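Student: For reference, the structure I am asking about is given below.
Number of protein chains: 2
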Amino acid sequence: MLHSGGKRLTKQRQLALDVLQESAEHLDAEAVYARAKARDPKISIATIYRTLALLKEAGLVEENRLGEEHAHFEATRSTPHYHFTCLRCGRVIEFDTPQVQEAIQSFCTREKIQLVSVQLLLSGYCALCRREEE
Amino acid sequence: MLHSGGKRLTKQRQLALDVLQESAEHLDAEAVYARAKARDPKISIATIYRTLALLKEAGLVEENRLGEEHAHFEATRSTPHYHFTCLRCGRVIEFDTPQVQEAIQSFCTREKIQLVSVQLLLSGYCALCRREEE
DNA sequence: TTACCTGCAAAGGGTTTGCACTTTG
DNA sequence: CAAAGTGCAAACCCTTTGCAGGTAA
Numbered sequence: 001m002l003h004s005g006g007k008r009l010t011k012q013r014q015l016a017l018d019v020l021q022e023s024a025e026h027l028d029a030e031a032v033y034a035r036a037k038a039r040d041p042k043i044s045i046a047t048i049y050r051t052l053a054l055l056k057e058a059g060l061v062e063e064n065r066l067g068e069e070h071a072h073f074e075a076t077r078s079t080p081h082y083h084f085t086c087l088r089c090g091r092v093i094e095f096d097t098p099q100v101q102e103a104i105q106s107f108c109t110r111e112k113i114q115l116v117s118v119q120l121l122l123s124g125y126c127a128l129c130r131r132e133e134e
Numbered sequence: 135m136l137h138s139g140g141k142r143l144t145k146q147r148q149l150a151l152d153v154l155q156e157s158a159e160h161l162d163a164e165a166v167y168a169r170a171k172a173r174d175p176k177i178s179i180a181t182i183y184r185t186l187a188l189l190k191e192a193g194l195v196e197e198n199r200l201g202e203e204h205a206h207f208e209a210t211r212s213t214p215h216y217h218f219t220c221l222r223c224g225r226v227i228e229f230d231t232p233q234v235q236e237a238i239q240s241f242c243t244r245e246k247i248q249l250v251s252v253q254l255l256l257s258g259y260c261a262l263c264r265r266e267e268e
């Protein structure tokens, strides 16, 4: 998979991928760095960024911008899914619906688009944080 | 609308909103600044950023991150719409589908979510830029 | 062996902020 | 007149890059 482009599978790259695949959450570069560093104290944040870009290009990792913040990453999963972020507590809820898939599919067919990535991000207030009309 | 929170309607704010409402494209802060500056040479980029944040909060302007780049802004329109960005030529195609709306609606109802914003961003290659399997 | 990769530290670029001055309401 | 907003320039923060020394294949 990585080898296709003359890319090497170094221990740093394996480590970054492991960190993401073992995590249920969406980690930002700093968080991946922290977890990787716990197992390889020599690893640098520059390598983390370079590796994340590489893994993303290889399709092994997806980048999304939750909230309005900086980038977050997660290991690619078999089924596509979308995100909701609570503006108050920061909780992220994932969801998936075939309707969205179908709508996107038909748009791409109609426009002759070759789809590479899909990001659907909702934001607002979750059940616990919402304020009823005050 | 702005007045609700003791906010003032200054000429700079009006100008920034005008710029966005008159533009068909998605402008980034720098572009809004350039166009505003043409009419008010004294305006500063800091005011543009502060104003964009304010207008967004007021619901008059929407922010989206097209491509993977920095923020772009557009005046809020009556109907929600989504974006596709071509990774090669940068072209942005807008689209809308009730299916997506419905799916989002039902997710929010189920999760008791108070929705504030929706961003659906597709990326890939447009009809003109796609490379058939090489 | 040799292209590719890493760590370090410095640079980059979009965005935000502190402060003194101006303006709106 | 008081509170809010502006312009300027410096600060910020996430991310990228140049380079000299390592390392996978």
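Protein chains in written order, with this note's numbering: chain A, 1 to 134; chain B, 135 to 268. Where a beta carbon is used, it is the ideal one built from N, C-alpha and C, also for glycine. A quick note: this is a predicted structure, and the numbers were derived from the prediction, not measured.
Do you know offhand how far Leu-44 of chain A's Cα is from Arg-264 of chain B's?
Tutor: Note that residue 44 of chain A is Ser in the sequence shown, not Leu. Near 36 Å, if we compare the C-alpha coordinates of Arg-264 of chain B and Ser-44 of chain A.
Student: Scan the region 176 to 204 of chain B and note each continuous alpha helix (DSSP H) run of 4 residues or more that stays entirely inside, going in chain order.
Tutor: 179 to 191
Student: What are the start and end residues of the alpha helix (DSSP H) that includes Ile-238 of chain B?
Tutor: Counting along the chain, the alpha helix (DSSP H) containing Ile-238 of chain B begins and ends at 232 to 245.
Student: Work out the CA separation of Asp-40 of chain A and Ser-251 of chain B for me, nearest whole Å.
Tutor: 40 Å
Student: If Val-166 of chain B sits next to Leu-200 of chain B, beta carbons under 8 Å apart, how far is it from one beta carbon to the other, in whole angstroms?
Tutor: Their Cβ separation, rounded to whole angstroms, is 15 Å, which puts Val-166 of chain B and Leu-200 of chain B out of contact at 8 Å.
Student: Using the three-state DSSP reduction, which class does Leu-254 of chain B fall into: helix, strand or coil?
Tutor: strand
Student: Listed from N- to C-terminal order along the chain, which residues in the region 240 to 262 of chain B have their beta-carbon within a distance smaller than 7 Å of any beta-carbon of chain A?
Tutor: If the cut-off is 7 Å between Cβ atoms, the region 240 to 262 of chain B has Phe-241, Glu-245, Lys-246, Ile-247, Gln-248, Leu-249, Val-250, Ser-251, Val-252, Gln-253, Leu-254, Leu-255, Leu-256, Ser-257, Gly-258, Tyr-259, Cys-260, Ala-261 near chain A.
Student: CB-CB under 7 Å to Tyr-183 of chain B, same chain, minus the five flanking residues each way: which ones, in chain order?
Tutor: Ala-163
Student: Note down, in chain order, each residue of its chain lying with its Cβ closer than 6 Å to the Cβ of Cys-126 of chain A, except the 5 sequence neighbours on either side.
Tutor: Cys-86, Arg-91
Student: Assuming contact is defined by CB atoms lying nearer than 8 Å, are Leu-143 of chain B and Leu-154 of chain B in contact in what I supplied?
Tutor: no
Student: What's the C-alpha gap between Ala-58 of chain A and Leu-2 of chain A?
Tutor: 7 Å
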